[in-house]
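Worksheet for the structure shown next.
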Amino acid sequence: MYTSKDLQKIFRIGRETIRYYEKIGIIHGKVNATKYHYYDDLDIENLARILKYREFKFPLQQIKKLRSANHISDFQFVLTNQIKHLKSEIRIDEILETRLTWKMNELVAYSKGRKSFIKDDFYYDLAYSEEHGFAGNDKYPNFTNLSKTSDFPFSDFIAFTKITDNDELSFTNGGTAISKGIVDNLSIETNQLVHHSFDCIYQSYRVISQRMNDTLNIHPEVALLNKLHYQICNCPYVRQIAILKNKRIVQLNIPVNKSI
Numbered sequence: 001m002y003t004s005k006d007l008q009k010i011f012r013i014g015r016e017t018i019r020y021y022e023k024i025g026i027i028h029g030k031v032n033a034t035k036y037h038y039y040d041d042l043d044i045e046n047l048a049r050i051l052k053y054r055e056f057k058f059p060l061q062q063i064k065k066l067r068s069a070n071h072i073s074d075f076q077f078v079l080t081n082q083i084k085h086l087k088s089e090i091r092i093d094e095i096l097e098t099r100l101t102w103k104m105n106e107l108v109a110y111s112k113g114r115k116s117f118i119k120d121d122f123y124y125d126l127a128y129s130e131e132h133g134f135a136g137n138d139k140y141p142n143f144t145n146l147s148k149t150s151d152f153p154f155s156d157f158i159a160f161t162k163i164t165d166n167d168e169l170s171f172t173n174g175g176t177a178i179s180k181g182i183v184d185n186l187s188i189e190t191n192q193l194v195h196h197s198f199d200c201i202y203q204s205y206r207v208i209s210q211r212m213n214d215t216l217n218i219h220p221e222v223a224l225l226n227k228l229h230y231q232i233c234n235c236p237y238v239r240q241i242a243i244l245k246n247k248r249i250v251q252l253n254i255p256v257n258k259s260i
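At position 117 of the sequence shown (counting the first as 1) the number is 117 in UniProt numbering, and the numbers step up by one without a gap.
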């Protein structure tokens, strides 16, 4: 027979972990008259197996399913699902690394004053509008549909604008956006998201106030686009690159068409 201290020494785990595994029925200690918990060889084997599965990142509920499987097919089913989960985790980590690299490259583009024409294709989740205020719940109103599907790390904050005759932009609504490429790669649900696709975007960078209550003058961009024979064809929008103490660094995106 083995005591809790024996198990702690053998497996290098804490007493609380042993008690928790016992509480949820993964191991079954026996209690003697003095209320000490004792464990037998089968408990040792079970605990070793549990810790081994934990190294493979199995959730405890899945470990319980493995221990209660009556048929090989049941066992294979749990293993297959975990393999899929691990592959998904690898893919997610790769995308997160790509996202951080993209942000670093955008900061370099900002520091160099880079300007370019690109395509843009993303799904948008409205969080705030001038007319209705925040669209989410009281607990966390800033982010709605994306946060419910745990996709927020893959998203950007985007704010749409309206343009005046004086080439000034005022912000009308904002929310989170996730690129179509990521949506397709991770099979993200898009039923509650709005799809935006632009064949040609003129892209530059600006610094704006953190509160976003000022207008943004884009006369230099408009003048350049006219010179290059482009016309604005849709509402400009900004994608947040970084938020600092009193300001935001944003990517300014102006949908355009080539003039005939």
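Glycine included, every Cβ here is placed at the ideal spot set by N, Cα and C. Quantities reported herein were computed from a predicted structural model and do not represent experimental measurements.
Reference residue i, options the options, closest by Cα
i: K119; options: I201, R12 and E130; result: I201
i: H174; options: D184, T190 and D156; result: According to the sequence as given, residue 174 is Gly; it is not His. Among D184, T190 and D156, the Cα nearest to that of G174 is on D156.
i: I243; options: I10, Y123 and M212; result: M212
i: S187; options: S88, L169 and I158; result: S88
i: P153; options: K115, E94 and E168; result: E94
i: K245; options: L169, K9 and Q210; result: Q210
i: P59; options: Q82, Y2, G113 and I218; result: Q82
i: Y124; options: A177, I92 and I163; result: A177
i: D167; options: D184, L224 and G133; result: L224
i: I254; options: V222, A33 and L228; result: V222
i: I92; options: Y110, I182 and K52; result: I182
i: E189; options: E130, I24 and D151; result: D151
i: Y20; options: K35, T34 and L47; result: L47
Own chain, CB closer than 6 Å to residue i, minus 5 neighbours either side, in chain order
i: D121; result: K180 and S197
i: L252; result: S204, R206 and V238
i: H195; result: Y123
i: E106; result: I241
i: N226; result: none
CB-CB length for residue i against residue j, believed under 8 Å
i: T161; j: C233; result: Going by Cβ atoms, the distance from T161 to C233 rounds to 14 Å, so no, they are not a contact pair.
i: R15; j: S4; result: 6 Å
i: D43; j: G29; result: 7 Å
i: G112; j: I241; result: Residue identity check: residue 112 is Lys in the sequence provided, not Gly. Contact flag wrong, Cβ pair sits at about 13 Å.
i: Q62; j: V78; result: 6 Å
i: I26; j: R67; result: 7 Å
Neighbourhood of residue i by C-beta distance below 8 Å, restricted to the same chain and skipping five residues each side
i: I208; result: D214, L216, V238, K247, R248 and V250
i: K139; result: Its pLDDT being 47, under 50, K139 is placed unreliably by the model, and nothing is read from it.
i: D40; result: M1, Y2 and K30
i: Q8; result: G14, R15 and I18
i: I218; result: I163, D167, E168, L169, P236, L252 and I254
Contacts around residue i, its chain only, beta-carbon distance under 7 Å, and the 5 residues preceding and following it disregarded
i: S116; result: Q203
i: L51; result: F11
i: T17; result: none
i: P141; result: Any answer about P141 is weak, because its pLDDT of 46 lies below 50 and its placement is not dependable; what the coordinates show is given next. Contacts found: F134.
i: K64; result: I26
i: N32; result: Y38
i: S170; result: T161, K162 and T215
i: T80; result: none
i: I24; result: L60
Residues sharing a beta bridge with residue i, DSSP
i: L169; result: I163 and L216
i: Q203; result: S116 and N253
i: A242; result: I249
i: residue 261; result: The requested residue 261 is not part of the displayed model; the chain covers only 1 to 260.
i: S197; result: D121
i: V31; result: H37
i: T44; result: A small fix is needed here, since residue 44 is Ile in this sequence, not Thr. In DSSP, I44 forms no bridge with anything.
i: S209; result: K247
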